[in-house]
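Only one structure is covered here, and it is reproduced in the block below.
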Amino acid sequence: MKLTGAQALIKSLEQEGVEVIFGLPGGAILPVYDPLIDSTIRHVLVRHEQGAGHMAEGYALATGRPGVAMVTSGPGATNIVTAISNAHMDSTPIVVITGQVASAAIGTDAFQECDITGITMGITKHNFLVRDVQDIPRAVAAAFHIATTGRPGPVLVDLPKDLAQSTMEWWYPSSLEELDLPGYQPAVAASPSLIEAASRLISDSSRPVLYVGGGALKSEAWDELRSFAERTQIPVVTTLMARGVFPDSHPLNLGMPGMHGVYSAVTALQRADLLITLGARFDDRVTGKVSAFAPEARVIHVDIDAAEHHKVRRADVAIRSDVKTVLRAWESERVLPRDLSEWWGQINEWRAQYPLVYDPPTEEGLLRPQAVIEAIAESAPAGTIVTSGVGQHQMWASQFWPFEEPRTWVNSGGAGTMGFGVPAAIGAKAGRPERTVWCIDGDGCFQMTAQELVTARAEGIPIKVAILNNAYLGMVRQWQEMFYEERYSEVYLSPDLPDYVKWAEAMGCVGLRATNLAEMRAAIDKANSIHDVPVVIDFRTDSSEKVFPMVAAGASNDDIMVHPLQRSAQ
Numbered sequence: 003m004k005l006t007g008a009q010a011l012i013k014s015l016e017q018e019g020v021e022v023i024f025g026l027p028g029g030a031i032l033p034v035y036d037p038l039i040d041s042t043i044r045h046v047l048v049r050h051e052q053g054a055g056h057m058a059e060g061y062a063l064a065t066g067r068p069g070v071a072m073v074t075s076g077p078g079a080t081n082i083v084t085a086i087s088n089a090h091m092d093s094t095p096i097v098v099i100t101g102q103v104a105s106a107a108i109g110t111d112a113f114q115e116c117d118i119t120g121i122t123m124g125i126t127k128h129n130f131l132v133r134d135v136q137d138i139p140r141a142v143a144a145a146f147h148i149a150t151t152g153r154p155g156p157v158l159v160d161l162p163k164d165l166a167q168s169t170m171e172w173w174y175p176s177s178l179e180e181l182d183l184p185g186y187q188p189a190v191a192a193s194p195s196l197i198e199a200a201s202r203l204i205s206d207s208s209r210p211v212l213y214v215g216g217g218a219l220k221s222e223a224w225d226e227l228r229s230f231a232e233r234t235q236i237p238v239v240t241t242l243m244a245r246g247v248f249p250d251s252h253p254l255n256l257g258m259p260g261m262h263g264v265y266s267a268v269t270a271l272q273r274a275d276l277l278i279t280l281g282a283r284f285d286d287r288v289t290g291k292v293s294a295f296a297p298e299a300r301v302i303h304v305d306i307d308a309a310e311h312h313k314v315r316r317a318d319v320a321i322r323s324d325v326k327t328v329l330r331a332w333e334s335e336r337v338l339p340r341d342l343s344e345w346w347g348q349i350n351e352w353r354a355q356y357p358l359v360y361d362p363p364t365e366e367g368l369l370r371p372q373a374v375i376e377a378i379a380e381s382a383p384a385g386t387i388v389t390s391g392v393g394q395h396q397m398w399a400s401q402f403w404p405f406e407e408p409r410t411w412v413n414s415g416g417a418g419t420m421g422f423g424v425p426a427a428i429g430a431k432a433g434r435p436e437r438t439v440w441c442i443d444g445d446g447c448f449q450m451t452a453q454e455l456v457t458a459r460a461e462g463i464p465i466k467v468a469i470l471n472n473a474y475l476g477m478v479r480q481w482q483e484m485f486y487e488e489r490y491s492e493v494y495l496s497p498d499l500p501d502y503v504k505w506a507e508a509m510g511c512v513g514l515r516a517t518n519l520a521e522m523r524a525a526i527d528k529a530n531s532i533h534d535v536p537v538v539i540d541f542r543t544d545s546s547e548k549v550f551p552m553v554a555a556g557a558s559n560d561d562i563m564v565h566p567l568q569r570s571a572q
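Residues in the sequence shown are numbered from 3 upward in steps of one, following the numbering used here.
Given below as structure tokens:
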């Protein structure tokens, strides 16, 4: 069967089970948009290519399936680089298709030419510049295989315009051998000797902690994690990227560790004699000063990517495997630690002494952002998906929203990309239309990608957005207040410019505002009653509010600062 390269690309995406593409057409990718008209694949027309990438990420994180974005060459391709970098840092499986100038024009500085494979070499798991029209199916199949196996990540396929317009004899790879990926061996069987060595460390421990990262979510190990934790009674901490992999309501869950983690989680890691590290990477936001991190702990490090082993903290036992496989092996061995009653006694003292707190709101005062998040969570249906931008609101969302299910928390971790929240919510809702999707955003983040609400309205994707409007770049302001003698340099945004209600309405959304507790409750109730169009609520919050606990950059986790309400007890 003869097909054009463009038809072969779309048919290849259909072969991979793609349901949705987030994209924006342009000259070099234009031939591919023609056969898309006749495809079963839904296309979501974005307003900026960065939004397409973040939507693909949101889709992937909410569904567990790879997200797909398609953009044109030159500025179209460079606009999506931020999202590719974000996906790379967070190990999110996305496939990005970029148009490229005609093969003969590559290297001539042709109109809208850029070396996107060169630009993204360091932020993709792999990328392809297709040189032969007959190779299009192979490139697509390989892209999906690479993006979704081993440690997931972004893969880019760059397609010259002349190849999209050429003809080829249709075929599709039927085996891994046909993908032509020498040296790529993502499936790794856990070494029995290392499993046994790790088991001995667990058996010898009296203060163990399960330090659980995003790799546990990627390997879908939530059932095995819960079974292992409940049988062993080992306390669990879940990193920012692992929220929801273990229920927050579970008595074994200590919460999130790190710079703005729960005191008991941070301190349990510091005092542990064994860190059972599952798909986490000893990120600097978790460890604080590395030389002072968990000084008495031996380390078991389970990660599918051997490059993470010994990178930050040397492991006593490093197991290259996925988290699910290792937990199943430990279950079969029925490995158990020593008596943990004394350890739990200490942990429960920390829990009782330093829970998450904030100054209680008053009926007429400015809103407390934590209270807004708690109120939204209380009224949200089970299984609600929460996305966020980056900054104070992200930390408060992770702290004060109770995550009970996997794939209900979608945020930017490693890259810390402002503007992630709104497009990621659209992608999540496109992938899980039956779920309620809330974006907890800051006014700074919202202004970066708010135009994608036009996409949401036009495409019938009814997300809900809560802007915690404190009129500042809040996290930067917090640092300037605490470490720069309150010298507030270029962080003020204004609460009224823009007018978020009018802006939302101009984009076809419902716009609401809340300035006190009564208005907050009414706005949330109104938002929950609307199911056919996006809703944006401008919550006016106190700009002086700061995120606690906090470990200052470069400081030891032992120097954790608790909320001022608790400092007399510290």
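Quick reminder that beta carbons are idealized off the backbone N, C-alpha and C, glycines included.
These numbers were taken from a predicted model, which means no experiment stands behind them.
Q) Going by beta carbon distance, what residues of the same chain come within less than 7 Å of Val-392, once the five residues before and after it are set aside? A) Ser-414, Gly-418, Thr-419, Met-420, Phe-422, Cys-447
Q: Pick helix, strand or coil for Met-170, following the three-state DSSP scheme.
A: strand
Q. Thinking C-alpha only, which one of Pro-33, Val-549, Gly-462 is nearest Met-484?
A. Val-549
Q) Roughly how far, in whole angstroms, is the beta-carbon of Ile-442 from the beta-carbon of Ala-468, given that I think they are within contact range, below 8 Å? A) 5 Å
**Q.** Gly-416 versus Asp-285: straight-line alpha-carbon distance, rounded
**A.** 8 Å
**Q.** Residues sharing a beta bridge with Ala-320, DSSP
**A.** His-303
Q. Just checking my contact of Lys-504 with Gly-510 at CB under 8 Å: how many whole Å lie between their CB atoms?
A. Contact flag wrong, Cβ pair sits at about 12 Å.
Q. Name the DSSP beta bridge partners of Trp-440, please?
A. Val-388, Lys-466
Q. Mind pulling the beta strand (DSSP E) runs of 3 or more residues that sit fully within the region 179-243?
A. 210-214, 238-240
Q | Contacting residues, own chain, Cβ-Cβ under 6 Å from His-90 (five flanking each side not counted) | A | Ile-125, Gly-155, Pro-156
(Q) DSSP has Pro-1 in a bridge; who is on the other side? (A) There is simply no residue 1 to check, as the chain begins at 3 and stops at 572 in what is shown.
Q) Are the region 256-265 and the region 395-414 touching, with three or more C-beta to C-beta distances below 8 Å? A) yes
Q | Member of Ile-306, Pro-210, Ala-379 whose CA lies at the smallest distance from the CA of Trp-440 | A | Ala-379
Q.
Pairs of beta-carbons, one from the region 464-480 and one from the region 530-550, closer than 8 Å: are there three or more?
A. yes
**Q.** Residues of its chain near Gln-480, where Cβ-Cβ distance is below 7 Å and the 5 sequence neighbours each way are ignored
**A.** Gln-394, Lys-548, Val-549
Q) Taking the runs of the beta strand (DSSP E) that are 3 residues or longer, which of them lie wholly in the region 345-431? A) 387-390
Q | CB contact flag (Gln-453, Arg-49, <7 Å) | A | yes
(Q) Assuming Gly-257 and Val-553 are in contact, meaning their beta carbons sit under 8 Å apart, how far apart are those beta carbons, in whole angstroms? (A) Wrong, their Cβ atoms sit about 15 Å apart, outside the cutoff.
Q.
Considering only the alpha carbon of each residue, which of Lys-163, Arg-300, Ser-229 lies closest to Ser-75?
A. Lys-163
Q) Could you give the distance in angstroms between the alpha-carbon of Arg-67 and the alpha-carbon of Gly-433? A) 9 Å
Q) Does the count of Cβ pairs from the region 263-279 and the region 230-246 closer than 8 Å reach three? A) yes
(Q) Assuming Met-277 is part of the beta strand (DSSP E), what are its boundary residues? (A) Per the sequence presented here, residue 277 reads as Leu, with Met not at that position. Where Leu-277 is concerned, the enclosing beta strand (DSSP E) stretches over 276-280.
Q) Hey, Val-97 and Ala-149 are a contact pair by Cβ (cut 8 Å); roughly how many whole angstroms apart? A) 6 Å
**Q.** Sheet register partners of Ile-23 (DSSP bridge)
**A.** His-45
**Q.** Stretch pair the region 180-187 + the region 197-212: three plus CB contacts closer than 8 Å
**A.** no
Q.
For a quick check, are the C-beta atoms of Ile-387 and Arg-437 less than 7 Å apart?
A. yes
Q: For Val-581, count neighbouring Cβ atoms within 10 angstroms of its own Cβ and tell me buried if that reaches 16, exposed if not.
A: A query on residue 581 cannot be resolved here, the shown segment of the chain reaching from 3 to 572 and no further.
**Q.** With 16 other Cβ atoms within 10 Å as the buried cut-off, status of Ala-30
**A.** buried
Q: Look up Arg-515 in the DSSP assignment and say whether it is helix, strand or coil.
A: strand
Q) Grouping DSSP H, G and I as helix and E and B as strand, with all else coil, what is Leu-256? A) strand
**Q.** Pick from Ser-266, Ser-14, Ala-223 that is closest to Gly-246, judged by C-alpha positions
**A.** Ala-223
Q: Less than 8 Å between the CB atoms is what I'm expecting for Val-73 and Glu-51, so what's the real figure, rounded?
A: 5 Å
**Q.** DSSP three-state assignment for Met-123, whether helix, strand or coil
**A.** coil
Q.
Quick check: what's the CA-CA separation for Glu-232 versus Glu-487?
A. 47 Å
Q.
Taking only three categories from DSSP, how would you classify Gly-446?
A. helix
Q | Val-535, DSSP secondary structure in three states | A | coil
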